[in-house]
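Please read the structure below before turning to the comments.
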Amino acid sequence: MLEVGGIVICDRYKFTALARDGARGVDADIIESNYSFAREPDLTLYFDIPPEIGYNRIVTGRPSLKFYEAGMDMGWTHDPFESYKILQGKIKAIYDDLVERDRIVRVDALGTVTEVHTRVRELIGQLVNLSAIEPIDENDRLAEMIRMSSFDWGAFEEREE
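Take our numbering: the final residue in the sequence shown is number 148, and no numbers are missing along the way.
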């Protein structure tokens, strides 16, 4: 998509590694080096919320934090919620630094889905004329992906026989 001027949206990118791995003590230069092949994004959004609200959003659909997302691998405390708050504090400090260096943009993620969506559209609208974007028909998109695919279906069919 990038080669033809398309818009690419990612849920995670190299800044996630900078924050999560950096919070666990991995040197930022090592992380940057590992991702040196990756293009700098035109816009990266950081959805900023207090750790307690993030925790409540996470456990709304499941009973508890997962071991790694709670930072229990770091041995800071035996309490998952306390460990989560420590980890999130470290992650937030890294994201705040990225905001200060103009590498990412902070989005206030407090409020309703509609309110946050409006904030995001305003930020994206500064780079892209959203009214000029036409949705791609899903069937056309799938057909194009299949045409562009380099997967050798013939070799796959031969192996199944």
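By construction, the Cβ of each residue, glycine as well, lies at the ideal position given by its N, Cα and C atoms.
Does the Cβ-Cβ distance between residue i and residue j come in under 8 Å?
i   : j     : result
T47 : F2    : no
I78 : L85   : no
Y33 : Y71   : no
A96 : D(-2) : no
Y22 : A4    : yes
A25 : I81   : no
V94 : R106  : yes
L52 : P67   : yes
D8  : I18   : yes
Which residue or residues does DSSP assign as beta-bridge partners of residue i?
i   : result
R93 : Y33
How close, in whole Å, do the beta carbons of residue i and residue j come, if the pair is a contact with beta carbons under 8 Å?
i   : j   : result
P28 : Y55 : P28 to Y55, Cβ: 25 Å. No contact.
G58 : I40 : The pair is not a contact, with the Cβ atoms about 17 Å apart (cut-off 8 Å).
How far does the alpha helix (DSSP H) with residue i in it extend, from its first residue to its last?
i    : result
R44  : 38 to 45
A6   : 1 to 10
Q75  : 67 to 87
R165 : Since the first residue shown for the chain is -12 and the last is 148, residue 165 is missing from the structure and cannot be characterised.
D60  : From DSSP, D60 is part of no alpha helix (DSSP H); its letter is neither H nor E.
I18  : 15 to 21
Cβ of residue i less than 8 Å from any chain B Cβ?
i   : result
G58 : In the displayed structure, chain B is absent; only one protein chain is listed.
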